[in-house]
Each structure stands twice: as structure tokens, then as C-alpha cells.
Amino acid sequence: MNTDVRMGTTRALIPSRPTGRVARAAFAAAVLALLATGLAVPSPLVAPAAAATVPAASTTAVTLPAPGSPEAYLFTRVNQVRAQNGLAPLQYRARLGEVAEAWSQEMARVKVLSHNPRISSLIEPGWTAWGENVGFAGGYANNAERIFTGWMNSAGHRANILSTRFTSIGIGAATDSRGYLWSTQDFATYR
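Heads up: the sequence shown is residues 1 to 191, going by my numbering.
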């Protein structure tokens, strides 16, 4: 039986506030972009370039992954490891899960491991930090466990899982035509 486990690079964005000329230029560009699109969205942060397509914020009701699913397994493992390291559990956030699920399905469809280039415009507005782990595994009895083990054995992925900067998580998983499991963990903190 062929087996394979791969992890993507890690991504995290913890924005800092620009100052001086950079801040004024960014603010002016944001105002012009909003005026050009006819939008008037008050926000203390400069909106991403794709702000016009950012979905409305979903409710903060907790919708957990289906019991027995790879997503539920990974969610449980993340919070077990956080507890073992004296950290607060991450709260499951439905919109993060939807974004992670859609990205996992896309990776499984094209069979290419990569980060979601539009994550910051797809997750709910109001984030102050976000991160993403992606990985896939195939040919194992528990592909989700193999992905999780791979993440924990990678310094960058482990840092996202154990980060005190993140308070929320969403997890997606999709199986491709070969039976390989593709998974995405999207992390965020909201104001």
C-alpha cells in the first residue's frame, strides 16, 4: 500500500499598524477604493482589496464538526494538545470551518497542496490575526491522525496550533478520488 503525508508551509498574519506616510497612503487608497466601488464601510482597519466580495459576518453560534468526521477528530486533537500545554481551548467558528472546508475540497479536486490566497477576504470581518495549516495524507488507517502528526512535527504548523494569539478555529477535510484526505485548519482572533 502506498502511503504519503505532506504538509504545506505555514501562513499567519498578525497585522501591525502602519505609521506616518505609509499609513496616510494606505488610508487614502482605501478611501478611494471605497468611493470607486460605491461602498461606505466603516472599519478601523484598511479593508482587503477584495472587500467588496467579503461575505457578511455569520452568527457566532457554535456549529461543531459532525461527530466521527475527520474535522471533529482534528478539532479534538488540537484542543487536547493545547490542554497538555496549559493553553485555553480554541472555539470552533462556523465561518472559519466553511472557508476551510471549501479550500480542502478545492485542494482535493486539483490535487495540489497550497494555501488559500483569499483567506483574509473570506473569513468574517473583524479579525485581528489569522493563520492557516494545510496538509494531506493517503494510504493510512487514520489519515487525519497522520496529518495531525505531521503538523505537530513541523515547527511552523505546531506554532499555529499552540499559538496564544488565536482564539478560534475552523477545520475542513475532503477526500480525493484516490482516497487521500486533504485538510485545512484556519485560525483567527476577532475583536
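Ideal Cβ placement from N, Cα and C applies to all residues, glycine included.
Span of the alpha helix (DSSP H) around residue i
i: Leu90; result: First-last for Leu90: undefined, no H or E at that position.
i: Gly156; result: 155 to 161
i: Ile147; result: 143 to 152
i: Ala102; result: 94 to 110
i: Ser121; result: 119 to 122
Separation of residue j from residue i, as counted between CA atoms
i: Ala66; j: Ile169; result: 15 Å
i: Asp186; j: Arg178; result: 25 Å
i: Gly126; j: Val99; result: 16 Å
i: Gly156; j: Glu132; result: 10 Å
i: Asn142; j: Tyr190; result: 32 Å
i: Phe166; j: Ala94; result: 15 Å
i: Glu124; j: Pro117; result: 15 Å
i: Thr175; j: Trp182; result: 6 Å
i: Glu71; j: Val81; result: 15 Å
i: Ala51; j: Ser120; result: For Ala51, the pLDDT reaches just 21, beneath the cut-off of 50, and the residue's location in the model is therefore unreliable, although a value from the coordinates is still provided. The straight-line gap from Cα to Cα measures roughly 9 Å.
i: Gly68; j: Arg109; result: 23 Å
i: Ser154; j: Leu122; result: 26 Å
For residue i, the first and last residue of its enclosing beta strand (DSSP E)
i: Glu132; result: 127 to 138
i: Phe187; result: 181 to 190
i: Gly172; result: 168 to 175
Residue from the options whose Cα sits closest to the Cα of residue i
i: Tyr73; options: Phe166, Thr149, Ala188; result: Thr149
i: Leu87; options: Ala174, Ser183, Thr164; result: Thr164
i: Gln105; options: Gly135, Ile161, Tyr140; result: Gly135
i: Thr280; options: Leu96, Asn79, Arg77; result: Past the edges of the chain, shown from 1 to 191, lies residue 280, and the structure says nothing about it.
i: Arg77; options: Glu101, Ser121, Ala144; result: Ala144
Residue j beta carbon less than 7 Å from that of residue i
i: Ala92; j: Gly138; result: Before going on, a small fix: residue 92 reads as Tyr here, not Ala. For Tyr92 and Gly138, no; Cβs fall outside 7 Å.
i: Ala200; j: Trp130; result: For the chain, the structure presents residues 1 to 191; residue 200 sits outside this window and is missing.
i: Asn85; j: Leu162; result: yes
i: Phe75; j: Ile171; result: yes
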